[in-house]
Structures are given as structure tokens and as C-alpha cells.
Amino acid sequence: MFRTAAGSRTPHAPQGGIHPDRQRWLTASTLTGVLLVSTVTAGAAAAATTDDAEAPAATVTARPDASPERGLPFGRGGFDSHRGSYDTGTGSLDVTEATDEQEDGVVIIETVNGYSSSASAGTGIVLTEDGLVLTNNHVIAGSTEVKVTVPTTGETYDATVVGSDATSDIAVLELGEAAGLTVADLDDDGDPNVGDAVTGVGNAYGQGELVAAEGTVTALDQTITTAGSYGVPGETLESLIEIDADIVSGDSGGPLLDEEGEVVGVNTAASERGRIPAHHAGTTDITAYAVPIDDAMEIVDTILDGAETDTVTIGYPAFLGVQLTSSGNGSIVAGVIAGTPAADAGLRAGDTITAVDGTTVTTGEEMRQALDAYQPGDAVTITWTDAAGQTHTATVALAQGPAA
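Counting in this note's numbering, the final residue of the sequence shown is number 406, and the numbers go up one at a time with none missing.
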């Protein structure tokens, strides 16, 4: 996620479409085909703590355009190769075009959620010549379609989600019919040291071009808690590398390179201080965070083993297609997504789901837990009560849902 520091200004949502924070919530909550509806406002606070005694804890606030990129946040301008900076409308970011060497093994990711018509963009790291790609889970969470472009060749591939781990914010993609891709050079010397020069490479602001942001490692073993919103709790990410660099929305999932050009981390989060109002000139002060590459590859290995765990999801989850309110008692349907099993069953807003395959559910969380046991294509019997008090039962085949 991209964050702003406490006391800074929170940029306004882009005009038109869903507010980015809300859009992320709508997609990221579809873990089992259930969307939670809440009245919690955007911009909820989150705490970033550190395991390093010399580094004080900080309080940060989720920036609405939490990476991946979801539109045109806060008057964003475009990349100007002559100036070598982004004009965000809030100050220039110190970035340059990525060199050919920095682009090797780096890809641009674009995702779509066909149910909500939302789109996002991020970055990925090529692991194998035949198309395994490492990225952040939040880049692909909620997606029904993923396309990956290799900037060095211009080739675009359809991609599927092999697996993901939201608690580590790591995901693995597989590109269809890919061959001969340039593989990123992963560091095998352990974490970098404080003071080391590093460079973050990514699809900053979703512009479709790779840029490089130089910086310095400022701390190791950092812990941050991402901001929750709309009833969805944030995640606590641990053992992160802290960097003083202009890592921004859209860079998520891209490589953090050392001076030898080897990948030492996966760019994942940032906090922003001293934000300047859109109508003023000025610069930003960004502290970024990356998942160490060794930690990321441990998750990759678990995903490639193909066995689900308490935190790892393999492939895509089963999907019913209802929105449930998180207020009140019972699994109350706030909305039904067209073209889903829920719509086919005849569920409507205002209905209360009472059982899944005979197992009583009284809350939205119980509903999600019940559906966790099923795979796409599985038949499941849903029991519900309509607004008039009539009880209904229908058996449906669960669809393949958006990525977890």
C-alpha cells in the first residue's frame, strides 16, 4: 500500500469512477466471493512500528490511491523523459527513465475486475524464462483478468494467478505461451546493509513505462500495519527493508536493486511526509518499504509446491457473487452481482443468508469461512430468508472468483 504520514494532506479521489480506497476494498474483499459493505470512511489510520530500537515508531495513514494505480490520483501529470521527473501536481519526484540493464527481468502488470469494471496497474519480476512472475498480492487482488507486458520486447501476455499470500503481500503469476524471457538477477548474499545505495524500478503511476528511483537503505527488519477500510482489516507486514526513495503507486511488485543490479527486495509500501497541496510547488518526502527477496522467494516456493496453507491461496477462489453488509445481525445481502451464481439462484438485496450446505451462518465472516471449503465449480446449497420472511433454497455451481 502507499501511505501518507500522519498530519499530511490526503489527496482527493479522482473524479469519476469508484474512490480508489473503496475500489481496492471492493476487489480485495472477494476472497470467497463475498463482498463486505461497511459505513467506515476512507483514510483510516494505521500504525507502522519497527523492530529496530534506534528507529522510532511512526503513525501513517493509507493514501487513497494505494498502489496499484487506479486512475488519475490527485491531478497526476505524465512522465517527461526530458525532465526525468513526474509532475504529480504536488511536486516533482526524483526519478529517471530505467536503463536497459534495469529493465531486464521487469514487467508491467495491468489487471481488470470484470465484476466491478475496476482496473489497476503494477510491476512484476520475471523468475523463469517460461513466464513465472513475482509481484505483490495487492497488485492482483480482486482481478479477473491480468495482462503482463515485457517493456524490452513490447510483447503482452495473458497471465493467470498461480497463488498468493496476502499476509506477506506476495503473489506469483504465470504468463501464457511465454518463452525466452529475460530473468531477473536475484541477490543471494542476504539483506542489504543500512546505508547501501539501492534503486527501485517500476511502472510508477501506471504510466506504462519503467522508471528508476535511486535511494538509500535506512533501516532493516521493519514492521508496518497497512490501513484497513470499509470493514476490511489491514495486514501486518514484517521484516521489511526501509528505503529513502521515491517509490510510488504503480511501483508495487517491482524490484529493489543493489549497486550490482541484483534484486534485493520487492517494492511494496511507502509512507509520505510533508505532502504539498496540489496548487503549490514543492517536493515530497517518501519512505518506502520492500519485502526482502529471500523472504519473498520462500513464499514463492510454498506457492509453487501447490499446497494451500492458512495464508497461501492457490489459484482462484470460489465465488458466489453477493455483497454482504457488515452491520446488524445475520448475513444480510446488500447487493447481488449480475451474472454470478447468486444472481442465478434468485438472491436479492435485503435477503438474509442463513445456511451454506446445511451449516448455519449468522454473520458475513461465517459466510466467508463456510465458502472457503469449496473450489470453483463445486455445487453448494444456499438457504436464505427474503424480506417477507419466506425461506428459499437453491443449489448453484460456484464460479471462479477474482484473485484473492
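Note that the Cβ used here is the ideal one computed from N, Cα and C, for glycine as well. Given the structure is predicted, the values throughout are model-derived calculations rather than measurements.
- Helix, strand or coil: how does DSSP classify residue 212 here? coil
- Query: Candidates 349, 397, 402 and 389: which alpha carbon is nearest residue 374's?
  - Reply: 402
- Does the Cβ of residue 325 have 16 or more other Cβ atoms within 10 Å, making it buried, or fewer, making it exposed? buried
- Message: Can you look up residue 207 in the DSSP assignment and give me helix, strand or coil?
- Response: helix
- Is residue 195 buried or exposed, if buried means 16 or more other CB atoms sit within 10 Å of its CB? exposed
- At which residue ranges does the stretch 96-154 contain complete alpha helix (DSSP H) runs of 4 or more residues, listed in the order of the chain? 102-105 and 139-142
- Is it the case that the Cβ atoms of residue 163 and residue 135 are separated by a distance below 8 Å? no
- Short check: CB of residue 204 to CB of residue 269, under 8 Å? yes
- Which residue comes first and which comes last in the beta strand (DSSP E) that contains residue 387? 381-387
- Check whether residue 291 and residue 224 have beta carbons under 8 Å apart: yes
- Apply the 10 Å Cβ neighbour rule to residue 157 and answer buried if 16 or more other Cβ atoms are within range, or exposed otherwise. exposed
- C-beta contact flag for residue 438 and residue 351 at 8 Å: Beyond the ends of the chain as shown, which are 3 and 406, falls residue 438; an answer cannot be given.
- Item | First and last residue of the uninterrupted alpha helix (DSSP H) at residue 302 | 295-307
- Item | residue 377, buried or exposed, once every other Cβ within 10 Å from all chains shown has been counted against 16 | exposed
- Message: Please report the straight-line C-alpha distance between residue 248 and residue 188, rounded to a whole angstrom.
- Response: 22 Å
- Item | 6 Å CB neighbourhood of residue 116 in its chain, flanking five on each side removed | 146
- Closest Cα partner of residue 396 within the set 405, 342, 385 and 389: 385
- the ligand ZN heavy atom lying under 7 Å from the CB of residue 382: The model on display carries no ligand, and the ligand ZN is accordingly not part of it.
- Item | Rounded C-alpha distance that separates residue 123 from residue 141 | 7 Å
- Query: So the beta strand (DSSP E) residue 242 belongs to, where does it begin and stop?
  - Reply: 238-246
- Item | Rounded distance between the beta-carbons of residue 342 and residue 336, thought under 8 Å | About 14 Å; that fails the 8 Å criterion.
- Task: Measure the Cβ-Cβ separation of residue 202 and residue 245 and say whether it is below 8 Å.
- Result: yes
- Between which two residues does the alpha helix (DSSP H) carrying residue 346 extend? 343-347
- Task: Please say whether residue 212 and residue 357 have beta carbons closer to each other than 8 Å?
- Result: no
- Message: Taking the alpha-carbon of residue 296 as reference, which of 170, 144, 314 and 267 has the nearest alpha-carbon?
- Response: 267
- Message: What residue range does the beta strand (DSSP E) around residue 175 cover?
- Response: 172-177
- Alpha carbon to alpha carbon, how far is residue 206 from residue 366? 36 Å
- Buried or exposed: where does residue 372 fall if 16 or more other Cβ atoms within 10 Å of its Cβ makes it buried? buried
- Query: Going by DSSP, which residues form a beta bridge with residue 397?
  - Reply: 383
- Query: Over what stretch of residues does the beta strand (DSSP E) that includes residue 157 continue unbroken?
  - Reply: 157-167
- Task: For residue 195, write down the residues that DSSP places opposite it in a beta bridge.
- Result: Residue 195 is not bridged to any residue.
- Element boundaries [alpha helix (DSSP H), containing residue 357]: It is not in any alpha helix (DSSP H) - residue 357 instead sits in the beta strand (DSSP E) that spans 354-358.
- Message: Using CA atoms only, rank isn't needed, just tell me which of 311, 359 and 399 is closest to residue 170.
- Response: 311
- Message: Here's a check: name, in chain order, each residue in its chain whose Cβ is nearer than 8 Å to the Cβ of residue 345, leaving out the five neighbours to either side.
- Response: 323, 338 and 339
- Item | One or two residues paired with residue 320 in a DSSP bridge | 402
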